[in-house]
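Since the structure comes first, as structure tokens, the remarks are kept for the end.
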Amino acid sequence: MILLLRAVARFVVLVLLVALALVGLTAAVFSIQGGDSPLSLPGLAEHTRLPEVEETVGDYLDQLEADGPLAKISALAGVGAVLAGVLLLLGVLAPRRKRLVIFDNGEAGRLGARRRTLAGVAEALAEQARGVTQARARVRPRGRLRIARLRVTVSHGRNYQDREVEERVLSAISPLVDSSGLTPRVEARVGKRGARVE
Amino acid sequence: MAGVVSSHAGPQGTWVTADREERLPGVLATALAGGGYGVELHLVTEVVPLLPLADRVRSRVERAAASAGLADVLGPVDITIEDVVTPNEVSKR
């Protein structure tokens, strides 16, 4: 969800910046001449039919002040605009997911590793365990503590018990766990019908 | 160094420091506000204990800085493990 909001926010920012640049360029071009010349600001107002727009907007504002369907629709549109603004702010301000797991951060320096890298190694090691047909791993930093969690979900055939597969996977990923200080959690379940077999 | 497979210059190949006629991929040296230089290393390692490996890498960097007369300006040495390769992958390389 946040990723989508971030992408939408970036797109909106891009569109607004392009629009702002075009408006600025237009204003600059129409500031070359003065008075009622073609390349003057009054000329620009005529090109964009500002007087007619003023009348249209004036009529709209009159209807908005009075009770009626237009006022209700406008109020709803205003609420929608506020919500859209809040969502865009979330997209811009929401913190990015940390890609690094920090193991140590002292005066001597920082030691970190990519979450995706650690998860990939965990999957590769878990799939070497007997009975495992598929493995998925996720690494999550645990708050401000240095220790991160490694969650491995594996599928296995029907002729194996969950518990024995979990123990094998724990043993298989132990080199990574020992080397990185990750806290492992393994879940094993029977693979779905049609899933890859050992 | 045992446990370190290679350095990693990043997805765009921009984590590189020029050292006279040599290019050092995966190494970044940054001037610090309080004086001195921080060093950033991006490494590909084997599946080995990472904290002891980091200590060994830092010790080697400190020794190299000392032998070059730069011990006083060496700041923190940040280490990022960009990839961890299994023994099978190491043998393929």
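Taken in order, these protein sequences are the chains called F and P. Just so we're aligned, residue 19 is where the first sequence starts under the numbering used here, counting upward by one. Just so we're aligned, residue 633 is where the second sequence starts under the numbering used here, counting upward by one. Using N, Cα and C, we set each Cβ at its ideal position, and we do this for glycine too.
Would you give the residue range spanned by the alpha helix (DSSP H) that P/Arg688 belongs to?
By 1-based counting over the second sequence, the position of residue 688 of chain P is 56. Boundaries of the alpha helix (DSSP H) around P/Arg688: Leu682 to Ser699.
Relative to chain F, which residues along the stretch 654-667 of chain P have a C-beta separation below 7 Å, given in chain order?
Those residues of the stretch 654-667 of chain P that come within reach of chain F (Cβ to Cβ, closer than 7 Å) do not exist; the list is empty.
For the stretch 706-724 of chain P, which residues have a beta carbon sitting closer than 7 Å to at least one beta carbon of chain F?
Of all residues in the stretch 706-724 of chain P, only Pro708, Val709, Asp710, Ile711, Thr712, Ile713, Glu714, Asp715, Val716 and Thr718 come within less than 7 Å of chain F when Cβ atoms are compared, listed by chain position.
Who does F/His303 pair with in a DSSP beta bridge?
The first residue shown for chain F is 19 and the last is 216, placing residue 303 of chain F beyond what the model contains.
Rounded to whole angstroms, what's the CA-CA distance from F/Ala126 to P/Leu656? Just pull it up for me.
Within the first sequence, numbered from 1, the residue matching residue 126 of chain F stands at position 108. Within the second sequence, numbered from 1, the residue matching residue 656 of chain P stands at position 24. Those two C-alpha atoms are separated by around 21 Å.
DSSP three-state assignment for F/Phe48, whether helix, strand or coil
For the purposes of this step, residue 48 of chain F is identified with residue 30 of the first sequence, where counting begins at 1. In the three-state reduction of the DSSP assignment, F/Phe48 falls in the coil class, being assigned neither a helical nor a strand state.
CA-CA distance, F/Arg132 and P/Ser639?
Taking the first sequence and counting its residues from 1, the one referred to as residue 132 of chain F is at position 114. Taking the second sequence and counting its residues from 1, the one referred to as residue 639 of chain P is at position 7. Rounded to the nearest angstrom, the gap between the Cα atoms of F/Arg132 and P/Ser639 is 14 Å.
Quick one, which of P/Ser723, P/Thr712 and P/Ala650 has its alpha-carbon nearest P/Leu683's?
In the second sequence, the residue the question calls residue 683 of chain P occupies position 51. Answer by Cα proximity: P/Thr712.
Along the stretch 665-694 of chain P, what residues have a CB closer than 7 Å to any CB found in chain F?
For the stretch 665-694 of chain P, the residues whose beta carbon sits under 7 Å from a beta carbon of chain F are, in order, Val679, Val680, Pro681, Leu682, Leu683, Ala686 and Arg690.
By Cβ distance, which residues of its chain are closer than 7 Å to F/Val110, with the 5 residues on each side in sequence left out?
In the first sequence, the residue the question calls residue 110 of chain F occupies position 92. Excluding sequence positions up to five before and after F/Val110, its CB lies within less than 7 Å of the CB of Ala27, all in the same chain and listed in chain order.
Do F/Leu200 and F/Leu168 have their C-beta atoms within less than 8 Å of each other?
Here residue 200 of chain F refers to the residue found at position 182 of the first sequence. Here residue 168 of chain F refers to the residue found at position 150 of the first sequence. When the beta-carbon positions are compared, F/Leu200 and F/Leu168 come within less than 8 Å of each other.
Is F/Glu125 close to chain P? Criterion is C-beta to C-beta, closer than 8 Å.
One-based indexing of the first sequence puts residue 125 of chain F at position 107. Yes - at least one Cβ of chain P is within 8 Å of the one on F/Glu125.
Candidates P/Pro719, P/Ser723, P/Pro643 and P/Ala634: which alpha carbon is nearest P/His674's?
Residue 674 of chain P sits at position 42 when you count from the first residue of the second sequence. Ranking P/Pro719, P/Ser723, P/Pro643 and P/Ala634 by Cα distance to P/His674 puts P/Pro643 first.
Using a threshold of 8 Å, state whether the C-beta atoms of P/Pro719 and P/Gly670 are closer than that.
Taking the second sequence and counting its residues from 1, the one referred to as residue 719 of chain P is at position 87. Taking the second sequence and counting its residues from 1, the one referred to as residue 670 of chain P is at position 38. No.
Would you call the stretch 172-184 of chain F and the stretch 145-158 of chain F in contact, with 3 or more CB pairs under 8 Å?
Judged by Cβ distances under 8 Å, the stretch 172-184 of chain F makes contact with the stretch 145-158 of chain F, as three or more pairs qualify.
Quick one: is P/Gly658 buried, meaning 16 or more other Cβ sit within 10 Å of its Cβ, or exposed?
Counting from one through the second sequence, the residue named residue 658 of chain P turns up at place 26. By the Cβ-count criterion, P/Gly658 is buried, with 16 or more other Cβ atoms from all chains shown falling within 10 Å of its own Cβ.
Regarding P/Ile713 and the ligand GDP, is the C-beta to nearest heavy atom distance less than 7 Å?
This structure lacks the ligand GDP; in fact it carries no ligand of any kind.
In chain order, what residues of the same chain have a beta carbon less than 6 Å from the beta carbon of F/Asp122, not counting five sequence neighbours either side?
For this step, residue 122 of chain F is matched to residue 104 along the first sequence. Here the set comprises Leu129.
Can you have a look at F/Thr135 and say buried or exposed, based on whether 16 or more other CB atoms are within 10 angstroms of its CB?
Translated into positions along the first sequence, residue 135 of chain F becomes position 117. F/Thr135 sits buried, since 16 or more C-beta atoms from the chains shown fall within 10 Å of its C-beta.
Taking the alpha helix (DSSP H) that F/His65 falls in, what are its first and last residues?
If you number the first sequence from 1, residue 65 of chain F lands on position 47. Residues Leu59 to His65.
At the 8 Å Cβ level, is F/Arg128 part of the contact set with chain P, yes or no?
Counted from its first residue, the first sequence places residue 128 of chain F at position 110. Chain P contact via Cβ: present.
Three-state class that DSSP yields for P/Ser639 in the structure shown:
Your numbering for residue 639 of chain P matches position 7 in the second sequence. Correct three-state label for P/Ser639: strand.
Taking just the CA atoms, how far does P/Leu660 sit from F/Gly96?
By one-based count along the first sequence, residue 96 of chain F stands at place 78. By one-based count along the second sequence, residue 660 of chain P stands at place 28. Cα-Cα distance, rounded: 50 Å.
At what residues does the alpha helix (DSSP H) containing F/Arg181 begin and finish?
The residue you call residue 181 of chain F lines up with position 163 of the first sequence. Under the DSSP assignment, F/Arg181 falls in the alpha helix (DSSP H) whose first and last residues are Asp180 to Ser198.
Chain-order list of residues whose beta-carbon lies under 8 Å from that of F/Ala25 (same chain, five-residue window excluded):
On the first sequence, residue 25 of chain F is found 7 positions in, with the first residue counted as 1. Taken in chain order, the residues that qualify are Gly109.
Have a look at P/Ser699, P/Arg690 and P/Asp710 and flag the residue whose alpha-carbon is nearest the alpha-carbon of P/Thr662.
The count along the second sequence starts at 1 and reaches residue 662 of chain P at position 30. Of the candidates P/Ser699, P/Arg690 and P/Asp710, P/Asp710 places its Cα closest to the Cα of P/Thr662.
Let me confirm a value: F/Leu194 is counted as buried when at least 16 other C-beta atoms fall within 10 Å, else exposed. Which label applies?
As a first step, residue 194 of chain F must be located in the first sequence, where it is residue number 176. Sixteen is the threshold: when 16 or more other Cβ atoms of the shown chains lie within 10 Å of the Cβ of F/Leu194, as they do, the residue is buried.
At which residues does the beta strand (DSSP E) containing P/Ala661 begin and terminate?
Taking the second sequence and counting its residues from 1, one reaches residue 661 of chain P at position 29. Looking at the DSSP string, the run of the beta strand (DSSP E) that includes P/Ala661 is Val659 to Ala663.
Can you have a look at F/Ser197 and say buried or exposed, based on whether 16 or more other CB atoms are within 10 angstroms of its CB?
Looking up residue 197 of chain F in the first sequence gives position 179. F/Ser197 comes out buried.
Can the beta-carbon of F/Ser92 be found less than 8 Å from the beta-carbon of F/Leu101?
Within the first sequence, the letter at position 74 stands for residue 92 of chain F. Within the first sequence, the letter at position 83 stands for residue 101 of chain F. A distance of 8 Å or more separates the beta carbons of F/Ser92 and F/Leu101.
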